[in-house]
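Mapping to full-length UniProt numbering: the sequence shown position 78 is 78, numbers consecutive.
Shown next, in structure tokens, is the structure this report addresses.
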Amino acid sequence: MTFKAIEGIRRLQEHLLELGVARAVLSLPAPRMLALPSPTSEGAEPASVFARVITESEIERVARDLFVSGHYSIAVQEAYKAVDRFIADKTGRGSLSGTTLMELTFSPKSPILHWTDRRTQAELDEQAGYHRLYAGAMLGIRNPVAHEFNWVDEADVALELIVFAQHLLRKAKAARLDEPHARRKP
Numbered sequence: 001m002t003f004k005a006i007e008g009i010r011r012l013q014e015h016l017l018e019l020g021v022a023r024a025v026l027s028l029p030a031p032r033m034l035a036l037p038s039p040t041s042e043g044a045e046p047a048s049v050f051a052r053v054i055t056e057s058e059i060e061r062v063a064r065d066l067f068v069s070g071h072y073s074i075a076v077q078e079a080y081k082a083v084d085r086f087i088a089d090k091t092g093r094g095s096l097s098g099t100t101l102m103e104l105t106f107s108p109k110s111p112i113l114h115w116t117d118r119r120t121q122a123e124l125d126e127q128a129g130y131h132r133l134y135a136g137a138m139l140g141i142r143n144p145v146a147h148e149f150n151w152v153d154e155a156d157v158a159l160e161l162i163v164f165a166q167h168l169l170r171k172a173k174a175a176r177l178d179e180p181h182a183r184r185k186p
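As structure tokens, then:
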């Protein structure tokens, strides 16, 4: 068991050197509790699951090293900040962020970003539902991890939240900018 752990650390060090991240070591406080492997993870290490599942560069770039080093709350925070930044840039609303930005951007009545023409009930429901998901993600996930130390201290929970951030980012990338908003940027 000890040999296996030491061998894993050695491989990690080699991988970090190959990636060039060993030169920029983070000096952050350790999380208050590290997660034990989940019974549903089938023995997969959270870091390897992260590497396979998180593929959007905007999120992978800001969250990977934090996640791998056990700073789960900060990794989640950075993932949601990446979603927030992407939407602010896409809409030209750089002065807004968080729940306010999401409420304005995905408003069911006059959205800046949308996926359909919102003619059928299903299309209207999609807009209204994602409006709530985006605003709720900022209010219920990003804000607590930004304001509370180690709000998320388990790898599995952090990974779930980062996967959700990735889904929101992909939906935002697929969204169309509403024509009136495309012509007039504040």
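Beta carbons are placed, not taken as given, at the ideal position from N, Cα and C, and that holds for glycine.
On a predicted model such as this, the values are computed, not experimentally measured, just so you know.
- Query: Using the beta-carbon count (16 or more within 10 Å), is Ser73 buried or exposed?
  - Reply: Buried, since its Cβ has 16 or more Cβ neighbours within 10 Å.
- Message: According to DSSP, simplified to helix, strand and coil, what is Arg93?
- Response: Arg93: coil per DSSP, three-state reduction.
- Report, in whole angstroms, the separation of the C-beta atoms of Thr105 and Thr91, which I expect to be a contact under 8 Å. Contact between Thr105 and Thr91 holds, since their C-beta atoms are separated by about 5 Å, short of 8 Å.
- Item | Cut-off 7 Å between Cβ atoms - residues of its own chain near Ser107, not counting five sequence neighbours on either side | Sequence-distant partners of Ser107 (beyond 5 residues in either direction) whose C-beta falls short of 7 Å from its own C-beta, in its chain, are His131.
- So which of Leu169, Trp151 and Ala175 has the shortest CA-CA distance to Glu60? Comparing Cα-Cα distances from Glu60 to each of Leu169, Trp151 and Ala175, the minimum goes to Leu169.
- Proximity of Val152 and Val76 at Cβ, strictly below 9 Å: Contact: yes.
- Message: Pairs of beta-carbons, one from the stretch 160-168 and one from the stretch 77-90, closer than 8 Å: are there three or more?
- Response: The stretch 160-168, when compared against the stretch 77-90, does touch it at the 8 Å Cβ threshold.
- Anyone know if the C-beta pair for Leu86 and Leu159 falls short of 9 Å? Sequence check: residue 86 is Phe here, not Leu. Not a contact, by the Cβ cut-off of 9 Å.
- Query: If you draw a straight line from the alpha carbon of Asn143 to that of Ser97, how long is it in whole angstroms?
  - Reply: Whole-angstrom Cα-Cα distance: 11 Å.
- Query: If we count the other Cβ atoms within 10 Å of its Cβ and call it buried at 16 or more, is Leu124 buried or exposed?
  - Reply: With fewer than 16 Cβ atoms within 10 Å of its Cβ, Leu124 is classed as exposed.
- Below 6 Å CB to CB, which residues in the same chain sit around Glu103 once its five sequence neighbours on both sides are set aside? Non-local C-beta neighbours of Glu103 in its own chain, meaning closer than 6 Å and more than five positions away in sequence, comprise Ala135, ordered along the chain.
- CA-CA distance, Pro180 and Ser48? The alpha-carbon atoms of Pro180 and Ser48 are separated by roughly 44 Å.
- Would you kindly report the start and end of the unbroken alpha helix (DSSP H) that includes Ser48? First-last of the alpha helix (DSSP H) with Ser48: Pro46 to Val53.
- Item | Among Glu154, Asp178 and Ala172, the one whose alpha carbon lies nearest that of Gly70 | Among Glu154, Asp178 and Ala172, the Cα nearest to that of Gly70 belongs to Glu154.
- Query: Quick one: what's got a C-beta closer than 8 Å to Ala137's C-beta in the same chain, skipping five residues either side?
  - Reply: So the list reads Tyr80, Val83, Met102, Phe164, Ala165 and Leu168, once near-sequence residues are dropped.
- Mapping DSSP to helix, strand and coil, what is Arg64? Here Arg64 carries a helix assignment [DSSP, helix/strand/coil].
- Message: With a threshold of 6 Å on Cβ separation, who are the neighbours of Val62 within its own chain once the five nearest residues in sequence on each side are excluded?
- Response: Here the set comprises Glu78 and Ala82.
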